[in-house]
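2 protein chains.
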Amino acid sequence: MPKRKAGDNKPTRSPTMADIARIAGVSAATVSRALAGLPPITEETRQRVAQAAKEAGYAVNRHARSLRLKRSKVMLVLIPNLANPNFPDLLMHIDRAAYDCGYDIMIAHTAIDPHRSDRYVDELLAGGLDGVLLTADYCPPKLLERISAGARLPIVRTLSPTPAPNGISGVQIDEEKAAYDVVNHLVTQGHRRIAHLGGPPKEIVAIARKRGWEKALADHGLDAGPDLYIPAGFLIDDGRRAGNELGEHAALPDAIFCSNDESAYGLMAGLKKRGLRVPHDIAVAGFDDLSFSAVLDPPLTTVRLPRQEMAEKSVWKLRALIEEDAPNDITILKHELLIRSSSLRS
Amino acid sequence: MPKRKAGDNKPTRSPTMADIARIAGVSAATVSRALAGLPPITEETRQRVAQAAKEAGYAVNRHARSLRLKRSKVMLVLIPNLANPNFPDLLMHIDRAAYDCGYDIMIAHTAIDPHRSDRYVDELLAGGLDGVLLTADYCPPKLLERISAGARLPIVRTLSPTPAPNGISGVQIDEEKAAYDVVNHLVTQGHRRIAHLGGPPKEIVAIARKRGWEKALADHGLDAGPDLYIPAGFLIDDGRRAGNELGEHAALPDAIFCSNDESAYGLMAGLKKRGLRVPHDIAVAGFDDLSFSAVLDPPLTTVRLPRQEMAEKSVWKLRALIEEDAPNDITILKHELLIRSSSLRS
DNA sequence: GTGAAAGCGCTAACAT
DNA sequence: ATGTTAGCGCTTTCAC
């Protein structure tokens, strides 16, 4: 093996545009135009350049291009935590949609280092990144600061609703209405004492879903008394804990609307361990439609989030923001109530 | 709002190193050194530069830096498919470990466009990317080609084993031995007719796990006859289909070792629907230790993959390959058999 | 239709 | 200890 200095992992220096130019017997400028498919080039020259590039295994250097163009064709995706199965699914669709638009994605999860996402805002400003996709209600402080200072940056939020049109575009569903629909369905099944297993009390999604529950009960003249609101969280264990304690301090409810599918999994496991049957003794519904919800025993009634559509629409919106300076706006997508046996009158 | 041309989303051009130099009253080179913390700089100058950079909201332009350094501080992660919960978990740890080493990650899932991963190999060669992390046995054809041509590239594979030291480093477990351990455990529980629900017949992981099953049976003088091998796949539905048909053409086995947790979920659902109880009528074990496996009813006996360690070790290995031209090698990590009630003699 | 040349923002030799 | 300068690889006026 030929001797190489440390860190020099490339077998030979890879070809640059100048190399291709030399091979094809043209100038670098012509290569650039030919490869980009720009107008004033003979078909014959284009062929020759393409051929030379292919044979030499040429690929443009993204950094040189980005530096020149001041556009990187990279979208940053900020994800809180991949442990919630909503995110991987969303991310997969984001990746696909971005690639189809000619973008690559960088990802960073925000749950751990609070400093980290601010760094990316600086990079966005410095031109290293073209735009940022937020996939939760978290927003880097620095970004908030810039926006209130009047900056218009290419940022789109999805999955979690943006409370008001505040300078960040959004692609979301009507969380409150969806929750309302679930509770309404439980009422039509004849349930009267309908409890709510609440999510983290500060998360916007959790607040909206709780409000939907309250509203539906009120519209049906039912009570949402304090013993029916069960504070919990979005995790399986939050649900399980609730399932273990349910009915200890008050009568059992007829049905429980859980703020998400994961907490519903835990709740059902907890109830089952105590010998309570779903839906015979108690009906359960969730929210999110994770893929496991359909194979659960019993299958879980839930709300389908249009994750693919959310991913695609937010990528497209972000691209429009980047490339066309489109206005900031919020898109509301349709949700769907999936009625499965966990909530059906037995 | 001031008039701006289309695509100009930045409120004002963000500061460059030259701007900071002017503000701090030094040269650009000094700014570069001060910010990088390089030796020959007065503490006082460093302070002044840091201050100026902070006030101006300065961030280095990553493309300019990468172009100059021929090093991008970006690792590409090639993921087949985020739908298998192994990957999100792995990815999360990769992100964290990479960030701690000063790298960002770009991700691309490979399951759809076969052309795509080859493009990244070109980019790697062209210096746009520092290294690639493969998280399955898939390897871009172009990469294989380069390697057999003698190229040494910064590539690490994890999660799936690399069959032989062939120019790609790896971080993996001994899949065959782990499968052996599971089957061995089933034997100690008194089971004799132990079936195997096989994964995709061409995937290296599936092949290794099957071999472990065969070996364990052979070592115990048990039969691995053809009616005990059930060809399936890695998906829930593959397992469910098998569960629905099990015992139709032959006697029911005592136990089933599934090639992964997901197919075990489906299998258990299928068996349950037919009134067969796990583990009372039939014992079940899986492989992967997905987070749902512990909350299943009954909780699933499985093999824990050290995903966090895999993620960290592979990032570190990749960094060594990039920065120190380290030799290619394979690291084998310890696995762990998690015995839960799905496999215990009732 | 094609080439020459400038310059994107940064870092590292080399000078002072 | 700091400044000057060159150049990384690309795209794009501007000439021809």
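Protein chains in written order, with the numbering used here: chain A, 5 to 350; chain B, 5 to 350.
The beta-carbon is built from N, C-alpha and C at its ideal position, and this holds for glycine as well.
Here the structure is a predicted model, which means the values were calculated and not measured.
Own chain partners of residue i with C-beta closer than 8 Å, once the 5 adjacent residues on each side are dropped
i, result
"glutamine 193 of chain A", "Ala259, Ala287, Ser347, Leu348 and Arg349"
"phenylalanine 238 of chain A", "Asn88, Gly203, Pro204, Glu207, Ala210, Ser263, Asn264, Glu266 and Ser267"
"tyrosine 107 of chain B", "Lys77, Val78, Met79, Asp134, Val319 and Arg323"
"arginine 120 of chain B", "Ala112 and Thr114"
"alanine 298 of chain A", "Leu304 and Arg344"
Which of helix, strand or coil DSSP assigns to residue i
i, result
"glutamate 160 of chain B", "Looking at the sequence provided, one finds valine at residue 160 of chain B rather than glutamate. DSSP places valine 160 of chain B in strand when its eight states are reduced to three."
"glycine 251 of chain B", "coil"
"tyrosine 184 of chain A", "helix"
"alanine 315 of chain B", "helix"
"aspartate 242 of chain A", "helix"
"glutamate 207 of chain A", "coil"
"proline 235 of chain B", "strand"
"glutamine 51 of chain A", "helix"
"alanine 268 of chain B", "helix"
"lysine 14 of chain A", "With a pLDDT of only 41 at lysine 14 of chain A, under 50, the local geometry of the prediction cannot be trusted, and the value read off the model is given with reservation. Correct three-state label for lysine 14 of chain A: coil."
"glycine 274 of chain A", "helix"
"alanine 112 of chain A", "strand"
"isoleucine 24 of chain A", "helix"
"isoleucine 286 of chain A", "coil"
"phenylalanine 296 of chain B", "helix"
"histidine 339 of chain B", "coil"
"alanine 228 of chain B", "coil"
"isoleucine 136 of chain B", "Residue identity check: residue 136 of chain B is valine in the sequence provided, not isoleucine. In this structure, valine 136 of chain B counts as strand in the three-state DSSP scheme."
"isoleucine 408 of chain A", "Nothing in the structure corresponds to residue 408 of chain A, since chain A is present only between 5 and 350."
"histidine 67 of chain B", "helix"
"arginine 8 of chain A", "Any reading at arginine 8 of chain A needs caution, since the residue's pLDDT is 39, under 50, leaving its predicted position unreliable; the model's value is listed next. Three-state DSSP puts arginine 8 of chain A in coil, outside helix and strand."
"arginine 349 of chain A", "coil"
"isoleucine 83 of chain A", "strand"
"valine 125 of chain B", "helix"
"histidine 119 of chain B", "coil"
"histidine 200 of chain B", "strand"
"threonine 46 of chain B", "coil"
"glycine 131 of chain B", "coil"
Contact set for residue i: own chain, Cβ-Cβ below 7 Å, skip 5 residues either direction
i, result
"leucine 86 of chain A", "Pro92 and His113"
"lysine 181 of chain B", "Gly216"
"aspartate 242 of chain A", "Ala236, Ser267 and Gly270"
"glutamate 218 of chain A", "Ala228"
"isoleucine 98 of chain B", "Val81, Ile109, Leu137, Ala315 and Val319"
"leucine 256 of chain B", "Leu250 and Ile286"
"leucine 280 of chain B", "Ile286"
"leucine 341 of chain A", "Asp185, Val186, His189 and Val307"
Residue i, buried or exposed, once every other Cβ within 10 Å from all chains shown has been counted against 16
i, result
"glutamate 127 of chain A", "buried"
"lysine 214 of chain B", "buried"
"asparagine 170 of chain B", "exposed"
"glutamate 179 of chain A", "buried"
"alanine 25 of chain A", "buried"
"glycine 290 of chain A", "buried"
"leucine 42 of chain A", "exposed"
"threonine 46 of chain A", "exposed"
"aspartate 285 of chain B", "exposed"
"isoleucine 336 of chain A", "exposed"
"arginine 66 of chain A", "buried"
"aspartate 12 of chain A", "In this prediction, aspartate 12 of chain A has a pLDDT of 40, which is less than 50 and means its spatial position is unreliable; nothing more can be read from the coordinates."
"arginine 311 of chain B", "buried"
"alanine 38 of chain A", "buried"
6 Å Cβ shell around residue i - same chain, five flanking residues per side excluded
i, result
"alanine 28 of chain A", "Arg52, Val53 and Ala56"
"glycine 132 of chain A", "none"
"isoleucine 151 of chain A", "Gly171"
"glutamate 125 of chain A", "A small correction: the amino acid at residue 125 of chain A is valine; glutamate does not occupy that position in the sequence shown. Closer than 6 Å at the Cβ level, and outside the excluded window around valine 125 of chain A, lie Pro144, Lys146 and Leu147."
"alanine 324 of chain A", "Ala330"
"proline 19 of chain A", "Ala60 and Tyr62"
"histidine 224 of chain A", "Val191"
"isoleucine 326 of chain A", "Asp134, Gly135 and Pro158"
Contact the segment 56-65 of chain A vs the segment 103-119 of chain A: 3+ CB pairs below 8 Å: no
Three CB pairs or more closer than 8 Å across the segment 243-254 of chain A and the segment 274-287 of chain A: yes
Contact the segment 314-321 of chain B vs the segment 166-175 of chain B: 3+ CB pairs below 8 Å: yes
contact_flag[the segment 136-153 of chain A, the segment 72-83 of chain B] where n(CB pairs < 8 Å) is 3 or more: no
The segment 185-201 of chain B contacting the segment 218-238 of chain B, beta-carbon criterion three pairs below 8 Å: yes
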